[in-house]
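Take a look at the structure set out below.
Protein chains: 2
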Amino acid sequence: MATIKVPAQFSAAEDAERLQKAFQGWGTDEASIISILAHRNAVQRKLIQEIYKETYGEDLLKALDKELSSDFERVVLLWTLTPSERDAYLANEAIKLLTANNWVLLEIACTRSSLDLFAVKQAYHARYKKSLEEDVAYHTSGDIRKLLVPLVCSFRYEGDEVNMTLAKKEAKIMREAISDKKHNDEELIRILSTRSKAQLNATLNHYNNEFGNPINKDLKTDPNNEYLKLLRAAIKCLTSPEKYFEKVLRLAIKGMGTDEWALTRVITTRAEVDMERIKEEYHRRNSVTLEKAITGDTSGDYEKMLLALIGHGDA
Amino acid sequence: MATIKVPAQFSAAEDAERLQKAFQGWGTDEASIISILAHRNAVQRKLIQEIYKETYGEDLLKALDKELSSDFERVVLLWTLTPSERDAYLANEAIKLLTANNWVLLEIACTRSSLDLFAVKQAYHARYKKSLEEDVAYHTSGDIRKLLVPLVCSFRYEGDEVNMTLAKKEAKIMREAISDKKHNDEELIRILSTRSKAQLNATLNHYNNEFGNPINKDLKTDPNNEYLKLLRAAIKCLTSPEKYFEKVLRLAIKGMGTDEWALTRVITTRAEVDMERIKEEYHRRNSVTLEKAITGDTSGDYEKMLLALIGHGDA
Numbered sequence: 007m008a009t010i011k012v013p014a015q016f017s018a019a020e021d022a023e024r025l026q027k028a029f030q031g032w033g034t035d036e037a038s039i040i041s042i043l044a045h046r047n048a049v050q051r052k053l054i055q056e057i058y059k060e061t062y063g064e065d066l067l068k069a070l071d072k073e074l075s076s077d078f079e080r081v082v083l084l085w086t087l088t089p090s091e092r093d094a095y096l097a098n099e100a101i102k103l104l105t106a107n108n109w110v111l112l113e114i115a116c117t118r119s120s121l122d123l124f125a126v127k128q129a130y131h132a133r134y135k136k137s138l139e140e141d142v143a144y145h146t147s148g149d150i151r152k153l154l155v156p157l158v159c160s161f162r163y164e165g166d167e168v169n170m171t172l173a174k175k176e177a178k179i180m181r182e183a184i185s186d187k188k189h190n191d192e193e194l195i196r197i198l199s200t201r202s203k204a205q206l207n208a209t210l211n212h213y214n215n216e217f218g219n220p221i222n223k224d225l226k227t228d229p230n231n232e233y234l235k236l237l238r239a240a241i242k243c244l245t246s247p248e249k250y251f252e253k254v255l256r257l258a259i260k261g262m263g264t265d266e267w268a269l270t271r272v273i274t275t276r277a278e279v280d281m282e283r284i285k286e287e288y289h290r291r292n293s294v295t296l297e298k299a300i301t302g303d304t305s306g307d308y309e310k311m312l313l314a315l316i317g318h319g320d321a
Numbered sequence: 007m008a009t010i011k012v013p014a015q016f017s018a019a020e021d022a023e024r025l026q027k028a029f030q031g032w033g034t035d036e037a038s039i040i041s042i043l044a045h046r047n048a049v050q051r052k053l054i055q056e057i058y059k060e061t062y063g064e065d066l067l068k069a070l071d072k073e074l075s076s077d078f079e080r081v082v083l084l085w086t087l088t089p090s091e092r093d094a095y096l097a098n099e100a101i102k103l104l105t106a107n108n109w110v111l112l113e114i115a116c117t118r119s120s121l122d123l124f125a126v127k128q129a130y131h132a133r134y135k136k137s138l139e140e141d142v143a144y145h146t147s148g149d150i151r152k153l154l155v156p157l158v159c160s161f162r163y164e165g166d167e168v169n170m171t172l173a174k175k176e177a178k179i180m181r182e183a184i185s186d187k188k189h190n191d192e193e194l195i196r197i198l199s200t201r202s203k204a205q206l207n208a209t210l211n212h213y214n215n216e217f218g219n220p221i222n223k224d225l226k227t228d229p230n231n232e233y234l235k236l237l238r239a240a241i242k243c244l245t246s247p248e249k250y251f252e253k254v255l256r257l258a259i260k261g262m263g264t265d266e267w268a269l270t271r272v273i274t275t276r277a278e279v280d281m282e283r284i285k286e287e288y289h290r291r292n293s294v295t296l297e298k299a300i301t302g303d304t305s306g307d308y309e310k311m312l313l314a315l316i317g318h319g320d321a
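These protein sequence lines are chains A and B, in that order. Each residue of the first sequence is one higher than the one before, starting from 7 at the first, in my numbering. Each residue of the second sequence is one higher than the one before, starting from 7 at the first, in my numbering.
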């Protein structure tokens, strides 16, 4: 469930006008920007962008880019994009930053719906004149490539049908690969990268019941192995995305300093999807609400924007 | 260019009525079926199917299935399907028949446009409650899987932009893999399965100019190796589909007996796409027109339907 709050009345023309006013004169009216953009859904934001362009002859994103800065700029820009444009942007950024950011690619490949992931691929074509899988394959190698490319390429079936005979068979295949320490086994990767989420869930439940451990426990033989970390993250994204995102938020917030890059990414990409569930999970796991954690770790307009996106205050 | 001829006037309701009449009484009026269906494009055939279902409460494909038989039945049924449903059907049939039919999967993966291939994947979900790549990955193994799965999964960029620096670099990578006899090299497969057709063409032209042979010549070290055959076919499908299809037709027609399975497949899948080019290529390569070759090798309603689809006679 989404957390953003959208008012009953909406006029793209009025919003565009208020935004344009917010940019005028000395300084910028950040409060107005938050009160408008943080409370509009993807379709509405797209309409505002179109009307803004028609009326003022300037791209709204470019105008925001000129007026804002730092973490607040990033959260507003990412949020304003449509989900598929935003994911295409994040994926391209991750590819350019190379190895450190395979997580972002994995997250996009494994937590979006099949059609949403396809929309990301179309947006990537349109913006970067290349295909997403082409860039991912080009910039990775070895086991990481073997895992990441099929995940990014996938177009999974999304029905609820489960074949239990197959689930048992494939749980056994996975178990054997893991017992033999063949963590890059091509059958293991085939199962993870092609089966529907419902089928995979049945397979992994059977794995747990039959072999005594959740699969991710059996995959924790070497906590520092980058490939194994990605493999576990893929399984978590595919079966319990809210737990995966809770952990990303937890690590982004905890300790000295904040990882604003991850915090902004998770909140802008999930606010219209399953942020309500992620907040519950966060509260359960950390005994503090996500609101409180964000308030403690961020400040100013950036803080206000994040809080608005996770449902704080009124539309 | 397509070969089918469509009349200026079209009424789905009239067509549905004429088809229903053709099925009635003792025997079937095959001439009417050909005169209608062979001269309607994909959108029109879909409309006729919808109206037929509404009016007579029966699926048109089921009715055709009851009335017709053998090669004529197959060509009419395959043709009547929409292109994406037809490809999904052919792919599923190929998967069930296993190893002998990797060609069909390869052909679908490499000769359809990116959006058409995506439509096949959607049709596959809808009809078989599974994903195409899931079935292909499950039913293949070894080098064949390594090649076929990424080809089937691809969603290539389709712009004309070419990066010549990259083309030179990747031609060299391919050359080195082939010189070392590493025909299943993952870089080689990455390039073939992810680059746009325009980019790939530039790379392979550079390969030819720089290293003295077309790549397919260098890949002909062992004429009976199944993997190498598929690799060469993939390259042909991606760069000169009309030559690939000409060869499939040539082999289907030549010698004793005819491979109706392949003949029907190529004609039904290309009649609305590039059959005109394939006919030219066939004539050039065999010094006989495709019409003549088909007339010599087939007969009856099957022959009439094939000839109508490749543009013989009037709409």
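In this text, a Cβ means the ideal position worked out from N, Cα and C, and glycines have one as well.
Determine the chain B residues that contact residue i at a beta-carbon separation under 9 Å, and present them in chain order.
i	result
E167(A)	K135 and K136
Under the three-state reduction of DSSP, which class applies to residue i: helix, strand or coil?
i	result
H45(B)	coil
P229(A)	coil
W267(B)	helix
K260(A)	coil
S76(A)	helix
A8(A)	coil
H318(A)	coil
G31(B)	coil
E278(B)	coil
P13(B)	coil
L87(B)	coil
T61(B)	helix
S38(B)	helix
E294(A)	In the sequence as displayed, the identity of residue 294(A) is Val instead of Glu. Three-state result, V294(A): coil.
T304(B)	coil
Just the chain A side, please: which residues come within less than 9 Å of residue i by C-beta, in chain order?
i	result
P156(B)	E139, A143, V155, P156 and C159
F78(B)	Going along chain A, no residue has its Cβ under 9 Å from F78(B), so there is no contact; the nearest lies around 34 Å.
Taking only beta-carbon atoms, is residue i less than 8 Å away from chain A?
i	result
F29(B)	no
T117(B)	no
Between residue i and chain B, is the shortest Cβ-Cβ distance under 8 Å, so that the two count as touching?
i	result
K127(A)	yes
F124(A)	yes
T200(A)	yes
R196(A)	yes
Which residues in chain A have a C-beta closer than 7 Å to the C-beta of residue i? List them in chain order.
i	result
H131(B)	Y163
Quiz prompt | Runs of alpha helix (DSSP H) wholly within the region 156-227 of chain A (minimum 4 residues, chain order) | solution = 170-185, 192-200, 203-217 and 221-224
Self-check item: Minimum length 4: unbroken alpha helix (DSSP H) runs contained in the region 93-147 of chain B
Solution: 108-117, 120-134 and 138-145
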